[in-house]
Structure formats: structure tokens, C-alpha cells
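**Student:** First, the structure itself, so that you have it in front of you.
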Amino acid sequence: MRGWPLIRAWTILVYTFMFLPVAVVIILAFNANQFGAFPMTGLSLRWFVALWENEAIVRAFQTSLTLGLLTAIISTTLGVLASLALVRYDFPGKNSISTLLIAPILVPEVVLAVSLLLFLQMLNIPKSFFLLLMGHVIFTLPFVVLVVQARLVAVKKDYEEAARSLGASPIQAFFQITLPLIMPAVMAGGLFAFTISFDDITGTLFWKPGGVETVPTQIFAMLRNSISPEINALGAVMIMLTTGLPLIGIAAARWHAARRGR
Amino acid sequence: MATIEQSEKRAPWVLLSPALVTIALLLVVPLMFIVVYSFWLRTSVGGVEAAFSLANWQEALTDRFYRDILISTVRIAAITTILCAIIGYPVAYFVARARGVNRGFLLLLLMLPFWVSYIIRTMSWINILGVSGALNSLLLAIGVIDEPIQMLYNEVTVILGLVHFLLPFMILNTYVSLDGIDRALEDAANSLGANPMQTFWEVTLPLSVPGLAAGAVLCFVLGAGTYITPVILGGPTDAMFANLVFEAIITQLDWPLGAVLSLMLLVVLGAVVLTYNRFMGLGQIAKGIG
Chain A
0 MRGWPLIRAW TILVYTFMFL PVAVVIILAF NANQFGAFPM TGLSLRWFVA
50 LWENEAIVRA FQTSLTLGLL TAIISTTLGV LASLALVRYD FPGKNSISTL
100 LIAPILVPEV VLAVSLLLFL QMLNIPKSFF LLLMGHVIFT LPFVVLVVQA
150 RLVAVKKDYE EAARSLGASP IQAFFQITLP LIMPAVMAGG LFAFTISFDD
200 ITGTLFWKPG GVETVPTQIF AMLRNSISPE INALGAVMIM LTTGLPLIGI
250 AAARWHAARR GR
Chain B
0 MATIEQSEKR APWVLLSPAL VTIALLLVVP LMFIVVYSFW LRTSVGGVEA
50 AFSLANWQEA LTDRFYRDIL ISTVRIAAIT TILCAIIGYP VAYFVARARG
100 VNRGFLLLLL MLPFWVSYII RTMSWINILG VSGALNSLLL AIGVIDEPIQ
150 MLYNEVTVIL GLVHFLLPFM ILNTYVSLDG IDRALEDAAN SLGANPMQTF
200 WEVTLPLSVP GLAAGAVLCF VLGAGTYITP VILGGPTDAM FANLVFEAII
250 TQLDWPLGAV LSLMLLVVLG AVVLTYNRFM GLGQIAKGIG
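One line per chain: the protein sequences are A and B, in this order.
For the first sequence, the positions run 0 to 261 when numbering that gives the first Met the number 0 is used.
For the second sequence, the positions run 0 to 289 when numbering that gives the first Met the number 0 is used.
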């Protein structure tokens, strides 16, 4: 086709548009210049050291990691159970329930945040880490359900049935047969929930109790003054963490599949 | 054997109950609750009082201020969606038709932006367009300008930030649709005498509409509901509707008004999602994510 080179050039241009600004964040994080702007005067790790010495940022990191891990655990548990029901069983109302489970994606995050916040205010439950955690569970759950469901379809039901016919209880069959088989999907769902929770800002701004900051809300608060090399360094650390984890996950899954294939 | 059959019937509900209870308690009930809340009154001491008053609704629906911002929010989201479709379509087409290693690599790259925090992607533009950013440094260095110019904090940069944030959603959804097209249909059109342009307009494009529409709905809904982008990349007059909601709830502590404003946003965006569901079905969006 004659238009092909043109489409290829356009694709390269659009990919550059998508990645250039993010690449600039990482480059500027290593900038020696004390204003953190162009032109760069040299390479330095000083801003990363500054991060490590900034107590508020370290605390925000701890909060984000705890929140992300707990969100991933709860969301994945709920999501895997629900996906099993949706993939393995037929029951009345399945379609509506499927839609209900992905509903949190369809409601704008601001509205979701406001309704949960006001509901708990009315019950006289003050803002807390627990509210933040439940909020994160709600909007990560649909993603876990979608990811796990997609992979679960590929795992045959025969193995479970074989185990059952050999006398395993449903719970034994689940833990010894099904769970190991769907483990890659469980891990993928958990990773997805973790990165979404770790990156979230809108809901977190509504739900976080006073004095608690996650990394994104910390960046947001720091941006009030102006962009600084420290923010770029913090951004670079976050980028490495949230893109590094899934990439390691994909690599591990490939390695696992290759080993099993031999 | 009846007991086994019964437990088979119960099993899906047992498995579903934790997720369903969570969603009912934290999403469905709170959403119904803010409808009630929107009729309540704010007391002079800053609390709320149970009542049935239309005052909040009246204020939000008649005040020009809210209406203007709602209209500009919809306009910004619509412009963003159209730009994403125009910019993203050729890219999705290229990825869907690329072969071998290239295609896997391009797809992986397409996933990467989803893993980079929204706030980092948004603030990254300050490094590019800010007064001491890359573009100003470049223009100064080659002598086009003598003094740095402020390119940020206007509606154009808000739209730029939104396009940058939402483009991967559009490309990925369109890709899913394009990838599912049976190539034999295009070959058939060609062999029946259609030229490549005709084949594209009459076969490929119509068949990719479901993905394009799914991408468009996601772009529009996420764009119109954004809170962060206007705060970071917009000026004082570029507030969008979600900023009003935040202002009412967090800053002014006027919860009933905040409830009304949230519901207005939900109704407008819900109408878009329902229209889409009526014609396309929500399954297409699920395909793009899974």
C-alpha cells in the first residue's frame, strides 16, 4: 500500500509525543543544575539523595506501598472469587452482575469519591486510612475482574472436575488444582490493582485524612510551588517502580511458560 | 445427589458475595444516598440538616456560573476525544497491521503509559513548555526568541495534557477492533475492483467503529471527569466541572451543593455511557481492558 510509509512516520511521531515528556522527567532527575532546568550542566544523583533525606517523601512512599499492597490483596481476593463464579457457573442475572462488577469504572472517579465520602460522613465515620483503602478497592476491583476473567476462560474446567471425581472437596480442588493453574492471572490482577492504587490521585485527594500523603498527592502538593528537580527525581522513582514491576512480571511469566514448555 | 446440585447452585453466589457486598455498600448505596443528600440543607454552623429542599438544585441549575463551566467541560472533552480519534486511528492501524516482533514491541510500548502515574504524565509538560522548559531553551538557543515565553496555563495546554493522557485508551481500543477484522473481507473488496481508499472507507473503517466508539466513550468520560489536568496545566479561568465539585466539598464544606454538582456530572456522563451501551454494548470496553 502506498500510504504505508506515511502511516509509519505518523506512528513514530505519535509514540514520540507519548514518551518524550516522560523521558524528559527521567533525564532531568539526573540534572546537576540546581534549578533543574535546561540547559543541563552535568549528571548527578543529588536529587535522589535529597529525596531519601526528605522525611515527608519517605513517609508518603511508605503510605503508598502499604496502601497499594493491601488494596492488591483485598481486590485480588474479591476479584478472583467473583471471576470464578462468572466463568465457571451459569446462573440467572449473570449479565447484570457482570455489568455491576465493572460499574466503578463507568462512574466518574470524582462522583465515586464524593458519594463514598459523604455517605461515611453521614454515618459519622471520620476520614481514615481504612476509608482510603476501601475506596481504592472499589475502583481497582473491576480491573482485577476483567483481567482474571480473561485468563480464567483459557483454563480448562476438566482438571477441577477430575480432582472432584477423585474425591477432593471443592475447597481442596480450588487450592490444589485451580489456584495454581490461574496463578499467573492472579498475579497479573494483583499487579494491576497495585499500580492503579499506587498511581491514583483524584479519589485519594478526597478520601485521605489530614496529614496523610501518598506519593501522588505529595507530588501534587509540591507542584503548588513550581516544578523542581526533586519532583522530577520523585517522578523518576515512581516511573521505574510502576513500569518496572509489570515488566518484571511479564518477564517472569515468559520464563515460567518457557520452562514449562520444555 | 440433590444436595450436590443445591450446593452447585449456591456456589456462584457464595463466590460472588464478597465482591457484590463491597460494591453495594461502597458504591450503590452511597450513590443513592447522595441523591437524598442533594435535597438536604446546609446549616449556618456548617453542618447539614435533613430536609426536602430544592434550593441546592435551583442554585446549581439556574446559576450561569455552573452552566458555563458544564458547557466548557463538555466542549473540552469533545475536542479531546475528536483529537484522540484523529491522531490515534492511523497508529492503531499501523500496530494492527505490523508483523512479528515489531508488533509485540509496539503493543508493549502502548501499555507503558498506563503504568506511568497520571500526575507525572501531566506535570511532565511543565518541563517541556514551562518558562525554563525544553522548548523555551531550544528557541532561545537558536535565537527565535529573546526572552522565554509562557506557553502554559491556558485551555490549549489543558487539552494537550488530556490528549496525552487519553490517547493510549483510544489507540488500544481501536487496535482491538482493527485486529479482529477478517483480512479476507478486504481482499474480497480489492478483488471486486475497489481501490485501496474505497476498501478502507467502505470495509475497514465501518468494521472498526466498535473499537473507535469504545475509545471515544472512555476518552470523553475520563476527560470530562478530570480534576487534575486543569489544576496543573490550566489557568485560573480554566476550571472544569470536577474542580467545582472539589471546591464545594473540600474547600467550602458545602456538602449538599457538592452532592448536586456530582449528580449533574453523573447524569451528563451517564447519558453518554447509556447511549453508547444502547448501540454498542459495554462488552467492547471490557475487551479493550482485558
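We put the beta carbon where it would ideally sit given N, CA and C, even for glycine.
#1: Would you identify the three-state DSSP class for E48(B), choosing helix, strand or coil?
#2: Taking the alpha helix (DSSP H) that D157(A) belongs to, which residues open and close that run?
#3: Can you give the Cα-Cα distance for A361(B) and Y275(B), rounded to whole angstroms?
#4: If you measure between the beta carbons of G234(A) and I227(B), is that distance less than 8 angstroms?
#5: What are the residues in the region 154-186 of chain B lying within 9 angstroms of chain A by C-beta distance?
#6: Using DSSP's beta-bridge definition, name the partner residues of N30(A).
#7: Since T198(B) is in the alpha helix (DSSP H), which residue starts that stretch and which ends it?
#8: Three-state secondary structure (DSSP) at L40(B)?
#9: Using a C-beta to C-beta distance shorter than 7 angstroms, which residues of chain B count as neighbours of E108(A)?
#10: For the region 121-133 of chain B, list every residue whose C-beta sits within 8 angstroms of some C-beta in chain D, in sequence order.
#11: Does any CB atom of chain B fall closer than 8 angstroms to the CB of I218(A)?
#12: Mind reading off the beta-carbon distance from F128(A) to P208(A)? Whole number of angstroms is fine, and I expect it under 8 angstroms.
#13: Measuring only between beta-carbons, confirm whether I262(A) sits less than 8 angstroms from chain B.
#14: Between the Cα of L177(B) and those of F93(B), N101(B) and L30(B), spot the shortest distance and give me the residue it belongs to.
#15: Tell me, please, whether the CB atom of D157(A) is closer than 8 angstroms to any CB atom in chain B?
#16: Spatial neighbours of V271(B) within its chain, please: C-beta separation below 7 angstroms, excluding the five flanking residues on both sides.
#17: In the DSSP assignment, find the unbroken alpha helix (DSSP H) run with S95(A) in it and report its ends.
#18: Taking DSSP as the reference, what is the three-state secondary structure of E146(B)?
#19: List, in chain order, every chain B residue whose beta-carbon is nearer than 8 angstroms to that of A81(A).
#20: Among H255(A), L99(A), F90(A) and A162(A), which has the Cα closest to the Cα of Q5(B)?
#21: List the whole-angstrom C-beta distance separating Y88(A) from A10(B), where the pair is believed to meet the contact cut-off of C-beta under 8 angstroms.
#22: Leaving aside the five residues before and after G210(B) along the sequence, list all residues of the same chain whose C-beta is less than 6 angstroms from its C-beta, in chain order.
#23: Would T216(A) pass as a contact of T201(A) if the rule is Cβ separation under 8 angstroms?
#24: What are the boundary residues of the alpha helix (DSSP H) that includes F90(A)?
#25: Under the rule that 16 or more other beta-carbon atoms within 10 Å means buried, what is E7(B), buried or exposed?
#26: Hey, G248(A) and A187(A) are a contact pair by Cβ (cut 8 angstroms); roughly how many whole angstroms apart?
#27: Hey, is A102(A)'s beta-carbon within less than 8 angstroms of any beta-carbon in chain B?
#28: Given that a residue counts as buried once 16 or more other Cβ atoms are within 10 Å of its Cβ, and exposed if not, what is N126(B)?
#29: When the Cα atoms are used, what is the spatial distance from S168(A) to K156(A)?
**Tutor:** On the basis of the supplied data:
#1: strand
#2: D157 to S164
#3: The structure shown has nothing for residue 361(B), since chain B only spans 0 to 289.
#4: no
#5: V162, H163, L166, P167 and I170
#6: L42(A)
#7: P195 to T198
#8: strand
#9: G224
#10: As a matter of chain content, chain D is missing from the structure shown, whose protein chains are A and B.
#11: yes
#12: 7 angstroms
#13: Absent from the structure is residue 262(A), since the part of chain A shown begins at 0 and ends at 261.
#14: F93(B)
#15: no
#16: V216, F219 and V220
#17: K93 to L105
#18: coil
#19: L14, L15, P17, A18 and L19
#20: F90(A)
#21: 6 angstroms
#22: N172, T173, V175 and S176
#23: no
#24: First-last for F90(A): undefined, no H or E at that position.
#25: exposed
#26: 7 angstroms
#27: yes
#28: buried
#29: 15 angstroms
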